[in-house]
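Protein chains in written order, with the numbering used here: chain A, 1 to 402; chain B, 1001 to 1176.
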């Protein structure tokens, strides 16, 4: 735990800061990486300091917000030091503007040495927030489903590609995880009891419990942004439909009434007032939006023969997989203009997109033939990072919002 | 219940499955009776609860000495072609002769498309078969459904022939 945490001293409003509204799609603009120097930061000797330094150097430029620079050409520079005492790993860090000399970020951490990697990632997110006014994704995690040996299980991995953890050893069909906003609970669908049922995994307690196991299908669990409601796909009334379960009293509200059609993949809008989901009510699966109070769904996806697995980003834009010329490509939909923009291309399938909390990066399953790997797409530069390197088949990524 | 047992049920890192009873399960008896006639058999997937699922019960002993053919579906479709209806009628006839028998219908999809949508589509296929059984006079509380989406293909190849085999409804019958 952080024992001492100095408050951010000031927020810098420079010409390079980007607000969510400024973010543009591939082809329309290039994200400007701000040069940052760490030459003035003193890494004292020791294993934790070495991990800290390596993580900082590797990840500072990973997300496109910054690039490493020498002190002379840097817009910002870090100073301070990391040191190991007998009982703790201590970091004092400060970021200053080279132009104005003002401190725009300052933190003091005192943690267990095992937290060295995480501290470096939190500092990068702190810089992203201070300089770009966007929550960074460096310290976030991705939950996903996959298998190294044909046995499907639930996993998580750090957004930096480290610390991959296997949470279950069931080896049964499992479907899309969804994070609770507090990041301590994951909901997902598993056949562990022979049927598609919804479970919650409590990460702190290391416990799994059943959330929904009614007759028929129980799937598509998606937690509302306030954490109080759960969207679900259930067939309890004789057909797969979208429902919302209120977690306080367990009450169930049916949202769709499509007796001749199948629904799937509900996700919440950032304000919790709408749901996007997949339905074949207009022939083939397409993406629809409906009020979380119910009412008539409105189709938003236009192009493509199939449009599936929507995710609603923090700035209000949606991303989904759209089958175009025989391949699934990622498409971003902007509700303000009602326009679709295809953001990927090529002879592989781009599936299960999930927005990072910075509204800039998207993690998705890149399928080549029968095998998927998780990749992260930078929507500003079109840069790609491969997230999973372990051999296996990895899909259904869900990016945590903390 | 071979398929159920086939799944390894073991947990790691102290994950403990809380075997809670289903939340909000309600037994419904509305499925009883109502023999359909003619071509309107499919229409009754209506909103009055007639086709609502009962609670998921115990399945009993699997009947292995009688086999029923798989029902096949078109691409992205849950409609049941005339040729496939006879296969369902054969199950209905057996269940009329053996009133203690219950059936589990497993819905499957081919590998194309989204795994999540396929899970819903597979359920819709199983429920379409269920609707035909109900229209043949089988009580809904004797019919259970399960979707595997595209997770359990019969034929692992990626071609039209394999996909056609994999788009299916499978019957497993049980006696108490």
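Yeah, the Cβ is synthetic: ideal placement off N, Cα and C, and Gly gets one too. Since we're looking at a predicted model, the values are computed, not measured.
Once DSSP output is grouped into helix, strand and coil, what is the label at residue i?
{"i": "residue 1159 of chain B", "result": "coil"}
{"i": "residue 143 of chain A", "result": "strand"}
{"i": "residue 1073 of chain B", "result": "coil"}
{"i": "residue 396 of chain A", "result": "strand"}
{"i": "residue 97 of chain A", "result": "strand"}
{"i": "residue 62 of chain A", "result": "coil"}
{"i": "residue 69 of chain A", "result": "coil"}
{"i": "residue 1132 of chain B", "result": "helix"}
{"i": "residue 274 of chain A", "result": "strand"}
{"i": "residue 1063 of chain B", "result": "coil"}
{"i": "residue 52 of chain A", "result": "helix"}
{"i": "residue 1143 of chain B", "result": "strand"}
{"i": "residue 1118 of chain B", "result": "helix"}
{"i": "residue 165 of chain A", "result": "strand"}
{"i": "residue 1173 of chain B", "result": "strand"}
{"i": "residue 260 of chain A", "result": "coil"}
{"i": "residue 192 of chain A", "result": "coil"}
{"i": "residue 1166 of chain B", "result": "helix"}
{"i": "residue 111 of chain A", "result": "strand"}
{"i": "residue 1028 of chain B", "result": "Residue placement at residue 1028 of chain B is flagged as unreliable, the pLDDT there being 30, under the threshold of 50; the coordinate-derived value follows with that caveat. Three-state DSSP puts residue 1028 of chain B in coil, outside helix and strand."}
{"i": "residue 170 of chain A", "result": "coil"}
{"i": "residue 128 of chain A", "result": "helix"}
{"i": "residue 1097 of chain B", "result": "helix"}
{"i": "residue 1091 of chain B", "result": "helix"}
{"i": "residue 269 of chain A", "result": "coil"}
{"i": "residue 208 of chain A", "result": "strand"}
{"i": "residue 83 of chain A", "result": "strand"}
{"i": "residue 88 of chain A", "result": "coil"}
{"i": "residue 47 of chain A", "result": "helix"}
{"i": "residue 1150 of chain B", "result": "coil"}
Tell me, to the nearest whole angstrom, how far the beta carbon of residue i is from that of residue j; I am working on the premise that it is less than 8 Å.
{"i": "residue 225 of chain A", "j": "residue 270 of chain A", "result": "6 Å"}
{"i": "residue 49 of chain A", "j": "residue 43 of chain A", "result": "5 Å"}
{"i": "residue 235 of chain A", "j": "residue 1136 of chain B", "result": "Rounded, the Cβ-Cβ distance is 21 Å, inconsistent with contact."}
{"i": "residue 90 of chain A", "j": "residue 107 of chain A", "result": "With 8 Å as the limit, residue 90 of chain A and residue 107 of chain A do not qualify as a contact, their Cβ atoms being about 11 Å apart."}
{"i": "residue 380 of chain A", "j": "residue 360 of chain A", "result": "6 Å"}
{"i": "residue 331 of chain A", "j": "residue 341 of chain A", "result": "7 Å"}
Taking CB distances under 8 Å as the criterion, tell me whether residue i reaches chain A.
{"i": "residue 1121 of chain B", "result": "yes"}
{"i": "residue 1023 of chain B", "result": "Confidence at residue 1023 of chain B is low in this model, with a pLDDT of 29, below 50, so the placement of that residue is unreliable and no value is reported for it."}
{"i": "residue 1032 of chain B", "result": "Its pLDDT being 25, under 50, residue 1032 of chain B is placed unreliably by the model, and the measurement read from it follows with that caveat. No, no contact with chain A."}
{"i": "residue 1099 of chain B", "result": "no"}
{"i": "residue 1076 of chain B", "result": "yes"}
{"i": "residue 1055 of chain B", "result": "yes"}
{"i": "residue 1147 of chain B", "result": "yes"}
{"i": "residue 1116 of chain B", "result": "yes"}
{"i": "residue 1151 of chain B", "result": "yes"}
{"i": "residue 973 of chain B", "result": "Shown here, chain B extends from 1001 to 1176; a query on residue 973 of chain B therefore has no answer."}
{"i": "residue 1124 of chain B", "result": "yes"}
{"i": "residue 1162 of chain B", "result": "no"}
{"i": "residue 1067 of chain B", "result": "no"}
{"i": "residue 1113 of chain B", "result": "yes"}
{"i": "residue 1154 of chain B", "result": "no"}
Going by DSSP, name the residue or residues bridged to residue i.
{"i": "residue 307 of chain A", "result": "A/322"}
{"i": "residue 384 of chain A", "result": "A/377"}
{"i": "residue 339 of chain A", "result": "A/334"}
{"i": "residue 253 of chain A", "result": "A/244"}
{"i": "residue 37 of chain A", "result": "A/77"}
{"i": "residue 350 of chain A", "result": "A/366"}
{"i": "residue 153 of chain A", "result": "A/146"}
{"i": "residue 329 of chain A", "result": "A/322"}
{"i": "residue 182 of chain A", "result": "DSSP output for residue 182 of chain A lists no bridge partner at all."}
{"i": "residue 175 of chain A", "result": "A/189"}
{"i": "residue 197 of chain A", "result": "A/190"}
{"i": "residue 302 of chain A", "result": "Note: residue 302 of chain A sits in no beta bridge, so no partner."}
{"i": "residue 290 of chain A", "result": "A/275"}
Using a Cβ cut-off of 8 Å (strictly closer), state whether residue i contacts chain B.
{"i": "residue 235 of chain A", "result": "yes"}
{"i": "residue 265 of chain A", "result": "yes"}
{"i": "residue 309 of chain A", "result": "yes"}
{"i": "residue 398 of chain A", "result": "no"}
{"i": "residue 148 of chain A", "result": "no"}
{"i": "residue 290 of chain A", "result": "no"}
{"i": "residue 219 of chain A", "result": "yes"}
{"i": "residue 383 of chain A", "result": "no"}
{"i": "residue 195 of chain A", "result": "yes"}
{"i": "residue 59 of chain A", "result": "no"}
{"i": "residue 216 of chain A", "result": "yes"}
{"i": "residue 262 of chain A", "result": "yes"}
{"i": "residue 238 of chain A", "result": "yes"}
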